[in-house]
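Participant: One structure, as C-alpha cells, below. Some questions next.
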Amino acid sequence: MSIEYNNINLTTEPDINLFIDGRSTPAIAGGYFDRLDPSTDLVASRAACGRREDAEHMASVAAANFHKWSTTDVTERARILRHAKALMPKYRDRFAQLMLKEIGAIHEWVDFNIKVAAEAIEAAVELALRYPFVPSKIDALDSYTVRQPVGVCLAIAPWNAPIVLAMRAVVFPLAFGNCVILKASELSPATHSLIAELLHEAGVPNGVISVMTNAPEHSEEVIASLIANPSVRRVNFTGSTRIGKIIAGLAAQHLKRCLLELGGKSPLIVLKDANLQLAAKEAVYGAFLNQGQICMATDRIIVEQAIADEFIDILKSMMVDLVAGDPRRNGVKLGPVASPSIASRLSALIEDALDKGATLLAGTPRRGQFIDATLLDHITPMMRIYSEECFGPIAGIYRVDSPEEAITVANNCEYGLAASIFTNDLTLAKDMANRIESGMCHINSSTVKDDPAMPFGGLKSSGYGRFGGNACVDEFTEVRWITVAPP
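First residue of the sequence shown? That's 368 in our numbering, and the numbers climb one at a time after it.
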C-alpha cells in the first residue's frame, strides 16, 4: 500500500530526547539542535545534544543489561522481534511523516524502507534461530566450541534510508543477544529515535536498545567516546567512505572489529543484445529513486556503442516527469536532496563535466535543494564525475565497444558495492559478473536490490564485512574453544 502525504496528519513532533534504559531522557548538559526540512527550510525536528558524558552513561546502562538479554532464550528474543515486525504498520504514518520532513522522502521510498525493514527483522530472527548458542558436538577428547554474543554493539546509521538501515544496524546484533547503542544521524534524528520506541513497545527490555542523538559539531566527540568505551565490543557503520576510514581507524586503535558498508559508484552495463526497455526502466529506477541518495544507486551507465543512441532515446523518454519538487504536492516523483552542501557539490560535478565536454541530455540548473533528474553523455576520465561518487540524481553515460571494455570501465573505480549487467546471453553475463569487482552483482535487474537474508556489503573502498546471510553471524558473535579434562 502506498502512502499519500495528503492523508497524513503532519503534526509537529515533540522534542526528541536520548533513549536510555527504556526512557526518553534529556542530555545531561541540556540543549537541542534543529534539523531543517529540505523542502521548506522550516524546523523538521529538534533533538537532544548528546555529549561524551551521555555516551559513557549509555554504554554503562547497556553493559549492565547485557547478561539478562544475552541469556534470554533465542526463541523469546525471536518472539519479541517478530512482535516489532508486526507493529510496523501501526508506525507507518509516523515514519512517513518524519521521513518527509527530515529527508524529503517521497512515498515510494517510505514504502521501500518499511517493507525491507520488516524483512530485515525476519531475516535476523531466522538467522539467530539457525545458530542458537549451544555447544558444538563434543568429541572424544571433550573439546568443543561455543558461539556467544559479543556484548554491547555500536550501530551508526545514515539518514538516506533511515528506517531500513537503522533497523538493519540494530536488529541483527539484537537477535544474537547483544545490547545495541544506535547513534542516530543528525539529518534524521526523529526517524531513528522512533525505531527504539517501536522496539520498546514490542518488548525489548529496558537498557538493551539505546539511541544517541547529537548536534553535528559533537559527532566526533560522541563516536570516539563510544568506540573507546571498554563495554563496546563491535561497531557497524553505514555511510560515506571518508567517515568510514575514520571509524575504522578509531576501531583499530582499540582493537575492535567493525563492519563497514560505505560508498558506491555502481555500474549498470547494457550490452547490444539486451532488452533495452527493461534496461532503461531499471536504470531510471536505480539512478533516481530517493533522488539517487542510495549507496547502490546506478551512477555509471555503461553502454555498448552499437545501441547507445537507441538506448538513450528510451532512457530520456522515461525521465520526462522526473522534476524535483516538494513531496507534499501530488504527482511529485523526485524530492529535494538532503542538504544545501549536497546540492552545491552535485551542481559542481555537473558543471565540471559540461566544461570538459560532456553533453547534457536531461536536467536543468538546480533550484536550491531541488535538482531534476540529470543525465550526462560522453563521460571521460578527465571529469570529476568519472571517479567521484555522485549520491544524487545524476547518472553518466559511458560508451564502450565491447563487453571486455565494459568490464574494464566498471572496474576502473575505487568503489565496489553493486553492479548490474543487461544481456540475453546469460553465460556471458555470469562470466562478467565473476570478473566485476563488486560485493553484489545483478543480472538483468537494477543495482538497487535488497534482500536482508543475503550477504550485503562491498569490496575496495565500499567497505568490508556483511549484513545478512551466514556471513553476518561472525559480525555479531564470538566463537570460543573449551576443553574438559578429567579432574
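By construction, the Cβ of each residue, glycine as well, lies at the ideal position given by its N, Cα and C atoms.
Please read all numbers here as calculations on a predicted model, not as lab measurements.
#1: In chain order, what residues of the same chain lie with their CB nearer than 7 angstroms to the CB of Val531, ignoring the 5 residues before and after it?
#2: DSSP beta-bridge partners for Phe386?
#3: Under a three-way DSSP split, which group does Ser412 fall into?
#4: Opposite Glu671 in the DSSP bridges: which residues?
#5: How long is the line joining the alpha carbons of Gly631 and Cys546, rounded to whole angstroms?
#6: To the nearest angstrom, report how far apart Glu649 and Lys623 are at their CA atoms.
#7: Taking all protein chains shown into account, decide if Met425 is buried (16 or more other Cβ within 10 angstroms of its Cβ) or exposed.
#8: Please go through the stretch 615–688 and give each complete beta strand (DSSP E) segment of 3 or more residues, from N-terminal end onward.
#9: Please list, in chain order, all residues of the same chain as Pro393 whose beta carbon is under 8 angstroms from its beta carbon, the five residues on each side excluded.
#10: What residue range is occupied by the uninterrupted alpha helix (DSSP H) comprising Asp440?
#11: Taking DSSP as the reference, what is the three-state secondary structure of Val699?
#12: DSSP on Met807, reduced to helix/strand/coil?
#13: Rounded to a whole number of angstroms, what is the C-alpha to C-alpha distance between Asn801 and Leu521?
#14: Under the three-state reduction of DSSP, which class applies to Tyr498: helix, strand or coil?
#15: Near Ala490, which residues of its chain fall below 7 angstroms by C-beta distance, leaving aside the five closest residues on each side in sequence?
#16: Thinking C-beta only, is Gln515 closer than 8 angstroms to Phe539?
#17: If you draw a straight line from the alpha carbon of Glu756 to that of Ile849, how long is it in whole angstroms?
#18: Which one or two residues does DSSP pair with Thr605 in a beta bridge?
#19: How many angstroms separate the CA atom of Glu842 from the CA atom of Thr512?
#20: According to DSSP, is Arg402 part of a helix, a strand, or is it coil?
#21: Residues bridged to Asp509 by DSSP?
#22: At the level of alpha carbons, what is the spacing between Leu561 and Glu671?
#23: Closest to Phe823 by C-alpha separation, out of Leu626, Ile803, Tyr458, Asp739, would be which residue?
#24: Out of Val776, Tyr753, Val840, Tyr652, which has the shortest C-alpha to C-alpha gap to Ser812?
#25: Taking all protein chains shown into account, decide if Asn374 is buried (16 or more other Cβ within 10 angstroms of its Cβ) or exposed.
#26: Alpha carbon to alpha carbon, how far is Ala796 from Asp404? Give it in angstroms, no decimals.
#27: Quick one: using the 10 Å Cβ neighbour count with 16 as the cut-off for buried, is Arg402 buried or exposed?
#28: Alpha carbon to alpha carbon, how far is Pro529 from Thr605? Give it in angstroms, no decimals.
#29: Could you please give me the residues that DSSP links to Lys816 through a beta bridge?
#30: If I'm right that Ile752 touches Asp722 with Cβ under 8 angstroms, what's the distance once you round it to whole angstroms?
#31: Less than 6 angstroms between C-beta atoms, sequence neighbours within five positions excluded: which residues of the same chain meet that for Ala582?
#32: Is the distance from the Cβ of Ser829 to the Cβ of Leu629 below 8 angstroms?
#33: Here's a check: name, in chain order, each residue in its chain whose Cβ is nearer than 6 angstroms to the Cβ of Gly730, leaving out the five neighbours to either side.
#34: Taking 8 angstroms as the cut-off, decide whether the C-beta atoms of Ile473 and Val704 are in contact.
#35: Just tell me which of Pro556, Arg449, Glu804 has its CA closest to the CA of Lys313.
#36: In three-state terms, what does DSSP make of Pro319?
Facilitator: Looking at the atomic coordinates:
#1: Along the sequence shown, one-based indexing puts residue 531 at 164. Once the five neighbours on either side are set aside, the close Cβ partners of Val531 are Asn480, Val483, Ala484, Ala487.
#2: Counting from one through the sequence shown, the residue named residue 386 turns up at place 19. Partner(s): Ser391, Val578.
#3: For this step, residue 412 is matched to residue 45 along the sequence shown. Annotated three-state conformation of Ser412 is strand, per DSSP.
#4: If you number the sequence shown from 1, residue 671 lands on position 304. For Glu671, which the question treats as bridged, DSSP gives the partners Val767.
#5: Taking the first residue of the sequence shown as position 1, residue 631 is located at position 264. Taking the first residue of the sequence shown as position 1, residue 546 is located at position 179. So the alpha carbons of these two residues sit roughly 30 angstroms apart.
#6: One-based indexing of the sequence shown puts residue 649 at position 282. One-based indexing of the sequence shown puts residue 623 at position 256. A straight-line Cα-Cα distance of about 39 angstroms links Glu649 and Lys623.
#7: Reading the sequence shown from its first residue, position 58 is the one you call residue 425. Classification of Met425: buried, given that the 10 Å Cβ count is 16 or more.
#8: Listed in chain order, the beta strand (DSSP E) runs fully inside the stretch 615–688 are 624–628, 633–637, 665–671, counting runs of at least 3 residues.
#9: As a working mapping, residue 393 is identified with position 26 in the sequence shown. Hits under 8 angstroms: Asn384, Leu385, Ala415.
#10: Here the question's residue 440 lines up with position 73 in the sequence shown. Counting along the chain, no alpha helix (DSSP H) covers Asp440, and no H or E run does either.
#11: For the purposes of this step, residue 699 is taken as residue 332 along the sequence shown, with counting starting at 1. Of the three classes helix, strand and coil, the one that applies to Val699 here is coil, per DSSP.
#12: Taking the sequence shown and counting its residues from 1, one reaches residue 807 at position 440. Three-state DSSP puts Met807 in a strand.
#13: Numbered from 1 along the sequence shown, position 434 holds the residue referred to as residue 801. Numbered from 1 along the sequence shown, position 154 holds the residue referred to as residue 521. In a straight line, the C-alpha of Asn801 is about 33 angstroms away from that of Leu521.
#14: The residue given as residue 498 occupies position 131 in the sequence shown. Coil, per DSSP.
#15: Sequence index remark: in the sequence shown, residue 490 carries index 123 (1-based). Same-chain partners within the cutoff: Pro819, Ala820, Gly835.
#16: Counting from one through the sequence shown, the residue named residue 539 turns up at place 172. Counting from one through the sequence shown, the residue named residue 515 turns up at place 148. Their beta carbons are not under 8 angstroms apart, which means Phe539 does not touch Gln515 by this criterion.
#17: On the sequence shown, position 389 is the one that residue 756 refers to. On the sequence shown, position 482 is the one that residue 849 refers to. So the alpha carbons of these two residues sit roughly 47 angstroms apart.
#18: In the sequence shown, counting from the first residue as 1, residue 605 sits at position 238. DSSP lists Glu628 as partners of Thr605.
#19: The count along the sequence shown starts at 1 and reaches residue 842 at position 475. The count along the sequence shown starts at 1 and reaches residue 512 at position 145. Roughly 17 angstroms separates the two Cα atoms.
#20: Looking up residue 402 in the sequence shown gives position 35. When secondary structure is reduced to three states using DSSP, Arg402 falls in the strand class.
#21: Stepping through the sequence shown from its first residue, residue 509 is reached at position 142. DSSP lists no partner for Asp509.
#22: As a position in the sequence shown, residue 561 is number 194, starting the count at 1. As a position in the sequence shown, residue 671 is number 304, starting the count at 1. Rounded to the nearest whole angstrom, the CA to CA distance from Leu561 to Glu671 is 46 angstroms.
#23: Here residue 823 refers to the residue found at position 456 of the sequence shown. Measuring from the Cα of Phe823, the nearest candidate turns out to be Leu626.
#24: Locating residue 812 in the sequence shown gives position 445, counting from the first residue. Of Val776, Tyr753, Val840, Tyr652, the residue nearest in Cα terms is Tyr652.
#25: Position 7 of the sequence shown holds residue 374. With a pLDDT of 48 at Asn374, under the threshold of 50, the predicted position of this residue should be treated as unreliable, though the coordinate-derived value follows. The residue is exposed, with fewer than 16 neighbouring Cβ atoms inside 10 Å.
#26: Along the sequence shown, read from residue 1 onward, the residue named residue 404 stands at position 37. Along the sequence shown, read from residue 1 onward, the residue named residue 796 stands at position 429. Pairing Asp404 with Ala796, the inter-Cα distance amounts to about 43 angstroms.
#27: Working through the sequence shown from its first residue, we reach residue 402 at position 35. With a threshold of 16 other beta carbon atoms within 10 Å, Arg402 meets it and is buried.
#28: Working through the sequence shown from its first residue, we reach residue 605 at position 238. Working through the sequence shown from its first residue, we reach residue 529 at position 162. Rounded to the nearest angstrom, the two C-alpha atoms are 11 angstroms apart.
#29: On the sequence shown, position 449 is the one that residue 816 refers to. The beta-bridge partner set that DSSP reports for Lys816 is empty.
#30: The residue you call residue 752 lines up with position 385 of the sequence shown. The residue you call residue 722 lines up with position 355 of the sequence shown. Wrong, their Cβ atoms sit about 11 angstroms apart, outside the cutoff.
#31: By one-based count along the sequence shown, residue 582 stands at place 215. Taken in chain order, the residues that qualify are Phe400, Cys416.
#32: Along the sequence shown, read from residue 1 onward, the residue named residue 829 stands at position 462. Along the sequence shown, read from residue 1 onward, the residue named residue 629 stands at position 262. Yes, the Cβ-Cβ distance between Ser829 and Leu629 is below 8 angstroms.
#33: As a working mapping, residue 730 is identified with position 363 in the sequence shown. When the five nearest sequence neighbours on each side are left out, the beta carbons in the same chain lying within less than 6 angstroms of the beta carbon of Gly730 are those of Asp739, Thr741, in order along the chain.
#34: Position 106 of the sequence shown, counting from 1, holds the residue named residue 473. Position 337 of the sequence shown, counting from 1, holds the residue named residue 704. Going by C-beta atoms, Ile473 is not nearer than 8 angstroms to Val704.
#35: In this structure the chain extends from 368 to 854, so residue 313 is not present and cannot be described.
#36: What is shown of the chain runs 368 to 854, which leaves residue 319 out entirely.
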